[in-house]
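Protein chains: 2
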Amino acid sequence: MAKTSVTSIDVARLANVSQSAVSRTFTPGASVSDDTKQRVLDAAKSLGYRPNALARSLISGRSRIVGLVVAYLENHFYPIVIEQLSRALQMHGYHVMLFMTQPGQQDQVISEILQYKMDGVVLASVTLSSHIAEECANIGVPVVLFNRYIPDSHVSSVTSDNELGGRLVAKLMADQQHKRIAYIAGNENSSTNNDRENGFSQGLAQAGLKIWKRKVGMYSFEGATSAARELLEADEKPDAVFVANDHMAFAVMDVIRSEFGLRIPEDISVVGYDNVPEADWAAYNLTTVEQPVEAMIEATVDILLKQMEHKEVNEVHKVTDARLIVRSSAGNNTNKIHRSNR
Amino acid sequence: MAKTSVTSIDVARLANVSQSAVSRTFTPGASVSDDTKQRVLDAAKSLGYRPNALARSLISGRSRIVGLVVAYLENHFYPIVIEQLSRALQMHGYHVMLFMTQPGQQDQVISEILQYKMDGVVLASVTLSSHIAEECANIGVPVVLFNRYIPDSHVSSVTSDNELGGRLVAKLMADQQHKRIAYIAGNENSSTNNDRENGFSQGLAQAGLKIWKRKVGMYSFEGATSAARELLEADEKPDAVFVANDHMAFAVMDVIRSEFGLRIPEDISVVGYDNVPEADWAAYNLTTVEQPVEAMIEATVDILLKQMEHKEVNEVHKVTDARLIVRSSAGNNTNKIHRSNR
DNA sequence: GTGAAAGCGCTAACAA
DNA sequence: TTGTTAGCGCTTTCAC
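Keeping their order, the protein sequence lines are chains A and B. Note that the numbering used here has the first sequence beginning at 8, numbered continuously upward. Note that the numbering used here has the second sequence beginning at 8, numbered continuously upward.
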């Protein structure tokens, strides 16, 4: 903390005004004459004064801090979310306090969120228990679940249309005449995985197909690597694999090509989910379903601001669109257009 | 903010003690009898009381908030840093407030850091101006530069031995008998780039070699892609390329293989810097110099805590080791051991 | 060991 | 428009 930080009283003394005048000068929309305002600003500048945000929060009851809870950044989708969300909130005068959770350590996070009197909380991680969300919501802290939702709860959420995404992938694979279609699941407790898988199954069913083999990768690189090995060690190999996110899909592609010497898409087609930047890298060129991060962030900030500033309490479940991005790992050998905005 | 948050007075009333007793109960090391303490804890629990961190900070003069300033998360080195730093600081009872800067927007960041009375600041981005660091340090806020330093300044820093790293790469390439050795620079204003390049040049000089061609990639994927194209469009092509970080190296490898149909390492060897997880992915298998993130984080937290808690003001310049990680993109066709701990 | 009282730096009535 | 005043919820002397 600063040596002996300069306070509004110091500024007031130098500017020959009351301490309240100083406060008003730094409160947008308060009534101060241009003259006083200028004197205060001059004095503040010469002393290097900055209003103490902590003191301000104490009395105003608003900290302008938003808690962002994340479990892991291994999947590059999340760093992007963090970056964009931070920027968006900063633009609205809020600050982001970052919490990395670990399984079983979540009560501590709740406690800290409450201690710092966060104005709002964003839970942006698929592997979180619903505990934090419920607790905060009960106490009255606005909460938005990002890229997940909790069924039958009153907590607002922002997701993309994961069911649609799954269906689009199914349609692509059906159109490509694939027969032995495998699915590598993420975390089976996550809404993202369940929705993607449901949509996928439905889509296949419409074409008279079904998931031929299924493994679980738990949304981790290692998990996906093992899952892919199990899948490929069998005599009969899949001709297409839908992987529940891009991060795992990269692992799967590595196994297919490097460990089994098979070609993508000639021997096996691979489709991922998220459309992280790496999906567009030449080494992978991964067909995937885009999650529109920008729109999702925008919706999140929107809901959060409404709840924080207008005290709106209605829960909102925003579902953004999903879009198939066809690259060479699957499907680009047809002329069909694989996009849909349902 | 919580509905009507319960305060220490509410707890005191219920527990039949003074408000100070409540405060003492939640202050480690304060003198309270076991009896009172228990009564207070019971009351607190039944009311759902949590001490207000803001009020506490106001009087104690310590916010237990550390500002983490980052410019971009595109390079996967930084998400890892964020994750580990957050976890480490959380373990010591501190919280991380995240600031994403943009060029030209840095004064605002300073202002916000000062307003929230951060106990300390970590600047973990190569493209930051030195402005923030100097300003904070002047005002007395402990600052640590992560993965960079400012020459001739009094600001503490933690880096890995980038010169050594550069030399190790030079030695590897010289040992491999490469002749047309190219360097793709990062941001030329960054200490990381300069040190890596200097070490590299020195190392080559020792073997009677020098940088054959040089391009600038600005530490961005696009920049590196363009740089690689310029390099390869010429008639005479390099036989080895040292790229200033892994993130750019992936771009370079993509260009070499996908756009020019050349093989790595048979036609061109590629070496990166950082050893991010993707360097180990089969699609790249990138020879690189490891930056020991864990050790760097540990040093950062150490310096920060010392300065924040013991008011030590001595600047520290911690330089951790660097280590060559040989994979198939360069150098694994010899039996030599390319490791060194100078 | 415990309570009373004095602020930390600020905002927001309330008068003037 | 301005200054005065009363707190926000807490820690920390200071008596007892």
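Where a beta carbon is used, it is the ideal one built from N, C-alpha and C, also for glycine. In this text, all values refer to a predicted model and were calculated from it rather than measured experimentally.
Spatially closest choice to residue i from the options, by CA coordinates
| i | options | result |
| --- | --- | --- |
| Q112(A) | T232(B), Q97(B) and V116(B) | Q97(B) |
| G2(A) | Q184(A), D182(A) and N200(A) | In this structure chain A extends from 8 to 349, so residue 2(A) is not present and cannot be described. |
| I188(A) | E243(A), S67(A), R57(A) and D114(A) | E243(A) |
| L312(A) | G100(A), L61(A) and S25(A) | G100(A) |
| F153(B) | I89(B), M180(B), A181(B) and Q183(B) | I89(B) |
| V262(B) | A144(B), G55(B) and Y291(B) | Y291(B) |
| D281(A) | T166(A), D182(A) and S233(A) | T166(A) |
| L293(B) | E301(B), V300(B), P284(B) and P299(B) | P284(B) |
| E57(B) | L121(A), S93(A), L238(A) and H185(A) | One detail in the question is off: residue 57(B) reads as Arg in this sequence, not Glu. Selected option, being the one with the closest Cα: L121(A). |
| A144(B) | S160(B), E305(B), R155(B) and K217(B) | S160(B) |
| A235(B) | L171(B), S265(B) and E204(B) | S265(B) |
| K318(A) | A50(A), S25(A), R20(A) and D126(A) | D126(A) |
| K217(B) | P245(B), V296(B), D253(B) and L75(B) | P245(B) |
| V320(A) | S276(A), V162(A) and E237(A) | V162(A) |
| E273(A) | Q183(A), K44(A) and A212(A) | Q183(A) |
Contact set between residue i and chain A, taken where Cβ atoms lie within less than 9 angstroms
| i | result |
| --- | --- |
| L80(B) | L80, H83, P86, I87, I89 and E90 |
| D104(B) | Note on residue identity: the sequence assigns Met, not Asp, to residue 104(B). Here the neighbours are I72, H102, V103, M104 and L105. |
| Q184(B) | None at all; the shortest Cβ gap to chain A is about 27 angstroms. |
Which residues DSSP lists as bridging residue i, in chain order
| i | result |
| --- | --- |
| E297(B) | D281(B) and R330(B) |
| H324(B) | S164(B) |
| K220(B) | A189(B) |
| I72(A) | H102(A) |
| G127(A) | V73(A) |
| V148(B) | V148(B) is not bridged to any residue. |
| A247(A) | I188(A) and S276(A) |
Neighbour flag for residue i against chain B, beta carbons, 8 angstroms
| i | result |
| --- | --- |
| R155(A) | no |
| V261(A) | The sequence shown places Asp at residue 261(A), not Val. By this cut-off, D261(A) is an interface position. |
| A241(A) | no |
| S198(A) | no |
| E119(A) | yes |
| K10(A) | Legend: pLDDT at K10(A) = 47, less than 50; position of this residue unreliable, no value from coordinates given. |
| N348(A) | Only weak support exists for where N348(A) lies, its pLDDT of 34 falling under 50; the value from the coordinates is given anyway. False, the Cβ-Cβ gap to chain B never drops below 8 angstroms. |
Chain A contact for residue i (CB, 8 angstroms cutoff)
| i | result |
| --- | --- |
| K343(B) | Confidence at K343(B) is low in this model, with a pLDDT of 38, below 50, so its placement is unreliable and no value can be given for it. |
| M107(B) | yes |
| L54(B) | no |
| Y291(B) | yes |
| T32(B) | no |
| Q314(B) | no |
| Q97(B) | yes |
| V333(B) | no |
7 angstroms Cβ cut-off: residues of chain B touching residue i
| i | result |
| --- | --- |
| L65(A) | L61, A62 and L65 |
| A265(A) | Sequence check: residue 265(A) is Ser here, not Ala. The contacting residues are A289. |
| Q26(A) | Going along chain B, no residue has its Cβ under 7 angstroms from Q26(A), so there is no contact; the nearest lies around 16 angstroms. |
7 angstroms Cβ cut-off: residues of chain A touching residue i
| i | result |
| --- | --- |
| W288(B) | F257 and D261 |
Neighbouring residues, chain A, relative to residue i (Cβ below 8 angstroms)
| i | result |
| --- | --- |
| P58(B) | Q122 |
| Q113(B) | Near Q113(B) there are no residues of chain A at all, since even the closest Cβ is about 12 angstroms away, more than 8 angstroms. |
Proximal chain B residues relative to residue i, where beta-carbon distance stays under 8 angstroms
| i | result |
| --- | --- |
| S93(A) | L105, F106 and M107 |
Contact test: residue i Cβ vs the ligand HEM heavy atom, cutoff 7 angstroms
| i | result |
| --- | --- |
| H254(B) | This structure lacks the ligand HEM; in fact it carries no ligand of any kind. |
Contact set between residue i and chain B, taken where Cβ atoms lie within less than 9 angstroms
| i | result |
| --- | --- |
| Q213(A) | Simply none; closest approach about 34 angstroms. |
I'd like the ranges of any beta strand (DSSP E) spanning at least 3 consecutive residues and lying wholly in the stretch 153 to 214 of chain A. Taken in chain order, the whole beta strand (DSSP E) runs of length 3 or more contained in the stretch 153 to 214 of chain A are 163 to 167 and 188 to 192.
ask   = Which ranges would you report for the beta strand (DSSP E) in the stretch 91 to 122 of chain A if only whole runs of at least 3 residues count?
value = 102 to 107
Contiguous alpha helix (DSSP H) assignments of at least 4 residues, all confined to the stretch 22 to 90 of chain B: Correct list: 26 to 32, 41 to 54 and 60 to 67.
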